[in-house]
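Visitor:
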Amino acid sequence: MKYGALSHEQARFYRDQGYYRLSNVFDAEQTTEIREFIEDEAEKSSGDFDSENPNKKLYGLYDRNPELMKRVIGNQALVGALVSLLGPNVVFVKNRHNHATINNRQGEPAEGMHRDILQPSRGLMTAAVYLQDSTVENGATRVVPGSHNLPYVGVPQANGGGTWMSEHEEYAGLENQAVPVPMREGDVLLFNGILFHGVGHNPSGQTRTSMTLGFRSVDELDAKPDEARQILVSGQHIYRGNDR
Numbered sequence: 032m033k034y035g036a037l038s039h040e041q042a043r044f045y046r047d048q049g050y051y052r053l054s055n056v057f058d059a060e061q062t063t064e065i066r067e068f069i070e071d072e073a074e075k076s077s078g079d080f081d082s083e084n085p086n087k088k089l090y091g092l093y094d095r096n097p098e099l100m101k102r103v104i105g106n107q108a109l110v111g112a113l114v115s116l117l118g119p120n121v122v123f124v125k126n127r128h129n130h131a132t133i134n135n136r137q138g139e140p141a142e143g144m145h146r147d148i149l150q151p152s153r154g155l156m157t158a159a160v161y162l163q164d165s166t167v168e169n170g171a172t173r174v175v176p177g178s179h180n181l182p183y184v185g186v187p188q189a190n191g192g193g194t195w196m197s198e199h200e201e202y203a204g205l206e207n208q209a210v211p212v213p214m215r216e217g218d219v220l221l222f223n224g225i226l227f228h229g230v231g232h233n234p235s236g237q238t239r240t241s242m243t244l245g246f247r248s249v250d251e252l253d254a255k256p257d258e259a260r261q262i263l264v265s266g267q268h269i270y271r272g273n274d275r
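As structure tokens, this is what we get:
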């Protein structure tokens with residue numbers, strides 16, 4: 032049985048484990064086009080980067096090249112999987128995940144395990160688009176399967192934070208349960224925004240370029256959605272409030 036592009040069993044795996052790998056979403060021509068766009072923008076924006084940080088991030092991708100990004104977020108294999116997991120009405124969230132990363136250029140140690148959002152009440156699905164192969168040897172993303180089911184334990188300090196595993200003694204030792212998820216160029220890793228994850232250690236010195244996008248279901252209780260920050264990729268904006 033299918034709803035969208037994924038079978039019931041595939042969707043169940045995502046819900047149980049918190050992540051799912053999509054293979055061959057983008058072909059070599061597409062990944063080359065996207066990677067060249069990112070490299071060109073990174074060159075123009077070199078002043079925005081911290082020379083001491085090997086993980087170079089380029090933000091605001093959508094507004095840098097709307098025509099290309101519309102094709103990326105509208106990819107039918109990607110959208111089909113999103114519909115399977117989020118329902119028929121889906122938006123791309125411009126103000127959360129809308130960036131590219133040139134990973135571990137100088138062999139930085141593994142990134143700390145973290146979540147992308149704090150609360151499960153308003154979900155976010157992260158889509159990591161791999162524009163080069165990601166292997167165990169060059170720092171493949173690690174995930175803690177099922178960690179999206181852990182209870183919410185609050186924000187440890189008044190000025191924010193709370194998404195890093197190391198901030199919570201309740202999660203001590205869980206990083207030992209992390210598993211790497213190797214990906215090939217053109218693959219997409221979907222994961223729940225509250226799943227603990229992090230980039231692995233890259234001793235190879237090789238560069239890995241990826242793009243991170245955020246999606247969520249249309250909020251059916253939002254009478255006035257911010258369509259400048261929420262780009263519809265499937266279905267429509269709907270409103271089901273009782274005040275109509």
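FYI, in my numbering the residues of the sequence shown are 32 to 275. Built from N, CA and C at the ideal position, the CB exists for glycine as well.
1. Am I right that residue 219 and residue 53 are in contact with their C-beta atoms under 8 angstroms? What's the rounded C-beta distance?
2. Tell me whether the stretch 117-134 and the stretch 153-165 touch, counting them as touching only if at least three CB pairs, one residue from each stretch, are closer than 8 angstroms.
3. Which partner residues of residue 176 appear in the DSSP bridge assignment?
4. Mind checking which residues open and close the alpha helix (DSSP H) that includes residue 107?
5. With burial defined as no fewer than 16 other Cβ atoms inside 10 Å of the residue's Cβ, what is the status of residue 254: buried or exposed?
6. Give me the residue from 252, 143, 231 and 147 with the minimum Cα distance to residue 274.
7. Can you tell me which of the three DSSP states residue 130 falls into?
8. Please classify residue 169: does DSSP put it in a helix, a strand, or coil?
9. Taking the alpha helix (DSSP H) that residue 183 belongs to, which residues open and close that run?
10. Assuming residue 229 and residue 144 are in contact, meaning their beta carbons sit under 8 angstroms apart, how far apart are those beta carbons, in whole angstroms?
11. How many angstroms separate the CA atom of residue 236 from the CA atom of residue 250?
12. Given a threshold of 16 other Cβ atoms within 10 Å of its Cβ, counted over all protein chains shown, does residue 269 qualify as buried or as exposed?
13. Roughly how many angstroms separate the alpha carbons of residue 13 and residue 174, rounded to a whole number?
14. How should residue 267 be labelled, buried or exposed, when 16 other C-beta atoms within 10 angstroms of its C-beta is the threshold for buried?
15. Take residue 209 as the anchor and find which of 36, 130 and 49 has the nearest alpha-carbon.
16. Any contact of the stretch 197-215 with the stretch 97-116, i.e. 3+ C-beta pairs under 8 angstroms?
17. Name the two residues that bound the continuous beta strand (DSSP E) containing residue 196.
18. Considering only heavy atoms of the ligand ATP, does any lie closer than 6 angstroms to the CB of residue 156?
19. Excluding the 5 residues preceding and the 5 following residue 110 in the sequence, name in chain order all residues of the same chain whose CB lies nearer than 6 angstroms to its CB.
20. Taking only the alpha-carbon atoms, compute the straight-line gap between residue 47 and residue 94 and give it to the nearest angstrom.
21. Name the one or two DSSP bridge partners that residue 242 has.
22. For residue 44 and residue 51, what's the separation of their Cα atoms in angstroms?
23. Considering only the alpha carbon of each residue, which of 65, 258 and 57 lies closest to residue 215?
24. May I have the straight-line CA-CA distance separating residue 60 from residue 129, to the nearest angstrom?
Guide: The answer reads as follows:
1. 4 angstroms
2. Contact holds: three or more Cβ-Cβ distances are below 8 angstroms.
3. Beta-bridge pairing links residue 176 to no other residue.
4. 107-117 is the extent of the alpha helix (DSSP H) around residue 107.
5. exposed
6. 252
7. strand
8. coil
9. For residue 183, no alpha helix (DSSP H) run applies, since DSSP gives it neither H nor E.
10. At roughly 5 angstroms, the Cβ-Cβ gap stays under 8 angstroms, so residue 229 and residue 144 are in contact.
11. Taking the Cα positions, residue 236 is about 42 angstroms away from residue 250.
12. exposed
13. Look at the range of the chain in this structure, 32 to 275, and you will see that residue 13 is not part of it.
14. exposed
15. 49
16. no
17. No beta strand (DSSP E) holds residue 196; DSSP gives it neither H nor E.
18. By its list of ligands, the structure shown contains no ligand whatsoever, and the ligand ATP lies outside what it can speak to.
19. 264 and 265
20. 35 angstroms
21. 131 and 160
22. 7 angstroms
23. 57
24. Going from the Cα of residue 60 to the Cα of residue 129 covers about 21 angstroms.
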